[in-house]
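In the numbering used here, the protein residues as written are 102 to 490.
Idealized CB from N, CA, C, for every residue including glycine.
Worksheet for the structure shown next.
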């Protein structure tokens, strides 16, 4: 149990007492026998276990209490505030920006409570790290099984987003970022080709078979045996492939290596206001900055108000299908924007109902609950205001 205290005491005592009230065996089996024994295993450092756990919980988007506990645990096990924020930001590429935004908000509150400054400081080694990570990005692109079926222009766009933006920030080392990426793809569920790809990348970067096996063992407690068991076969295949194979040592790419350019322009500070994130945090990720800018500029990307309204209603349907706690604020923002652009409440209801055959009644109920809160706060007389000159 001492290892749990190393991660953090806050919230643990109340959870332990609640489990005791249900059944003392519940605490013994779940916490002492299951969780504590697993994270105390020596084949993966506790510090890296916390990195993996935060990446998974941020991706899930439905475990706020556990996420807050382990976000604090990352700091308690030796990670910096910037490394913690970068881990959460990294989920934006694989699990969506709303998930990352929700995690960032919770981390910012926790850091403020601990009196930790979240101002982003640029690293003096940015160029060297960018070159090294670009080298890894090139390898990842070459291994992606679906690339050959895409038109050339789409392959470049995907590479820029998935492997340029995702790898070019120096707050996390290449090796640590790749372990977090593996955890994120596992938490996304049934993304077997992505799991295989990032297992291979972890092996190339020096993560050992025993360390990666520990990640699989640990994640059974978060994503469940049914999802982990298929990954064990994938892992065995990857480990067999790696026997006698070459390894990626993280060396700086050669002069001939083509840098992956991030094509998303940096957005001015006055457009980063949709969710009131600190500007320095938004600036860490071009994806986050662009998303916030678009949220704050209702119609500028569209040829007409009608097109903007249709896009917002489509967003409402998509976010309803996800039905994660992390998406609630973003879903509410899209509902509000759709109404401001002239959509009726019936239009919003229909958009939410369109998720029914795809996501089920519980997702629709989630969407209605979010929309109802917005309906109660927005005036029925509000009209769309065109932003075209």
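Pop quiz: residue 201 and residue 318 are said to be a contact at Cβ under 8 Å. What is the actual Cβ separation, rounded to whole angstroms?
Stepping through the chain shown from its first residue, residue 201 is reached at position 100. Stepping through the chain shown from its first residue, residue 318 is reached at position 217. Their Cβ separation, rounded to whole angstroms, is 27 Å, which puts residue 201 and residue 318 out of contact at 8 Å.
Expressed to the nearest angstrom, what Euclidean distance is found between the alpha-carbon atoms of residue 113 and residue 464?
Here residue 113 refers to the residue found at position 12 of the chain shown. Here residue 464 refers to the residue found at position 363 of the chain shown. Rounded to whole angstroms, residue 113 to residue 464 spans 30 Å at the Cα level.
What's the gap between the Cα of residue 428 and the Cα of residue 344?
If you number the chain shown from 1, residue 428 lands on position 327. If you number the chain shown from 1, residue 344 lands on position 243. Rounded to the nearest angstrom, the two C-alpha atoms are 42 Å apart.
Rank 194, 164, 156 and 196 by C-alpha distance to the C-alpha of residue 184 and give the top, closest one.
The sequence position of residue 184 within the chain shown is 83, counting from 1. Of 194, 164, 156 and 196, the residue nearest in Cα terms is 156.
Does the structure place the segment 328-340 close enough to the segment 299-317 that three or more beta carbon pairs sit under 8 Å?
Yes, since at least three Cβ pairs between the segment 299-317 and the segment 328-340 fall closer than 8 Å, the two stretches touch.
Looking at the secondary structure, which residues open and close the alpha helix (DSSP H) in which residue 192 lies?
Locating residue 192 in the chain shown gives position 91, where the first residue counts as 1. First-last of the alpha helix (DSSP H) with residue 192: 182-196.
Shortest alpha-carbon distance to residue 447 belongs to which of 195, 341, 476 and 274?
Residue numbering aside, residue 447 sits at position 346 when the chain shown is read from its first letter. Measuring from the Cα of residue 447, the nearest candidate turns out to be 476.
In whole angstroms, give me the CA-to-CA distance for residue 223 and residue 282.
Locating residue 223 in the chain shown gives position 122, where the first residue counts as 1. Locating residue 282 in the chain shown gives position 181, where the first residue counts as 1. Any reading at residue 223 needs caution, since the residue's pLDDT is 49, under 50, leaving its predicted position unreliable; the model's value is listed next. Taking the straight line from one Cα to the other gives about 22 Å.
If you pair each beta-carbon of the segment 320-331 with each one of the segment 153-167, do three or more pairs fall below 8 Å?
Taking 8 Å as the limit for Cβ pairs, the verdict is that the segment 153-167 does touch the segment 320-331.
Give the single residue among 445, 438 and 419 whose Cα lies nearest to the Cα of residue 455.
Your numbering for residue 455 matches position 354 in the chain shown. The shortest Cα separation from residue 455 among 445, 438 and 419 belongs to 419.
Starting from the C-beta of residue 328, find all residues in its chain whose C-beta is less than 7 Å away, skip the five residues before and the five after it, and write them out in chain order.
Numbered from its first residue, the chain shown carries residue 328 at position 227. Cβ neighbours of residue 328 beyond the five flanking positions: 290.
To the nearest angstrom, report how far apart residue 340 and residue 176 are at their CA atoms.
On the chain shown, position 239 is the one that residue 340 refers to. On the chain shown, position 75 is the one that residue 176 refers to. Cα-Cα distance, rounded: 32 Å.
From this set, 425, 423 and 433, which residue's C-alpha is nearest residue 413's C-alpha?
Mapped onto the chain shown, residue 413 falls at position 312. Of 425, 423 and 433, the residue nearest in Cα terms is 433.
Give the straight-line distance between the Cα atoms of residue 404 and residue 417, rounded to the nearest whole angstrom.
To locate residue 404, count along the chain shown from 1; it is residue 303. To locate residue 417, count along the chain shown from 1; it is residue 316. So the alpha carbons of these two residues sit roughly 20 Å apart.
Thinking residue 217 and residue 186 are a contact (beta carbons under 8 Å), I'd like their distance in whole angstroms, please.
One-based indexing of the chain shown puts residue 217 at position 116. One-based indexing of the chain shown puts residue 186 at position 85. The Cβ separation is near 10 Å, so there is no contact.
Which value, in whole angstroms, describes the spacing of the CA atoms of residue 110 and residue 116?
Locating residue 110 in the chain shown gives position 9, where the first residue counts as 1. Locating residue 116 in the chain shown gives position 15, where the first residue counts as 1. About 10 Å.
Does the distance from the CB of residue 410 to the CB of residue 457 come in under 8 Å?
Residue numbering aside, residue 410 sits at position 309 when the chain shown is read from its first letter. Residue numbering aside, residue 457 sits at position 356 when the chain shown is read from its first letter. Against a cut-off of 8 Å, the Cβ pair of residue 457 and residue 410 comes out as no contact.
With 16 other CB atoms within 10 Å as the buried threshold, where does residue 135 fall?
The residue you call residue 135 lines up with position 34 of the chain shown. By the 10 Å Cβ count, residue 135 comes out exposed.
Give the secondary structure of residue 445 by DSSP, where H, G and I count as helix, E and B as strand, and everything else as coil.
On the chain shown, residue 445 is found 344 positions in, with the first residue counted as 1. Coil at residue 445, not helix or strand.
Go to residue 135, then tell me how far its alpha helix (DSSP H) extends in each direction, as first and last residue.
One-based indexing of the chain shown puts residue 135 at position 34. Careful: residue 135 lies outside any alpha helix (DSSP H) and carries neither H nor E.
Measuring only from the beta carbon, is residue 137 closer than 7 Å to any heavy atom that is part of the ligand FAD?
In the structure shown, the ligand FAD is absent, as is every other ligand, since no ligand is present at all.
Report buried or exposed for residue 277, applying the criterion of at least 16 other Cβ atoms within 10 angstroms of its Cβ.
By one-based count along the chain shown, residue 277 stands at place 176. Buried, since its Cβ has 16 or more Cβ neighbours within 10 Å.
Quick check: the Cα distance between residue 105 and residue 415, rounded to an integer number of angstroms?
If you number the chain shown from 1, residue 105 lands on position 4. If you number the chain shown from 1, residue 415 lands on position 314. Using only the alpha carbons, I get a separation of about 43 Å.
Have a look at residue 173 and residue 211 and give me their C-alpha separation to the nearest angstrom.
As a first step, residue 173 is located in the chain shown; it is residue number 72 there, counting from the start. As a first step, residue 211 is located in the chain shown; it is residue number 110 there, counting from the start. Each residue's Cα considered, the two are about 7 Å apart.
For residue 408, which option in 439, 393, 122 and 180 has the closest C-alpha, if you only look at C-alpha atoms?
In the chain shown, residue 408 corresponds to position 307, counting from 1. Selected option, being the one with the closest Cα: 439.
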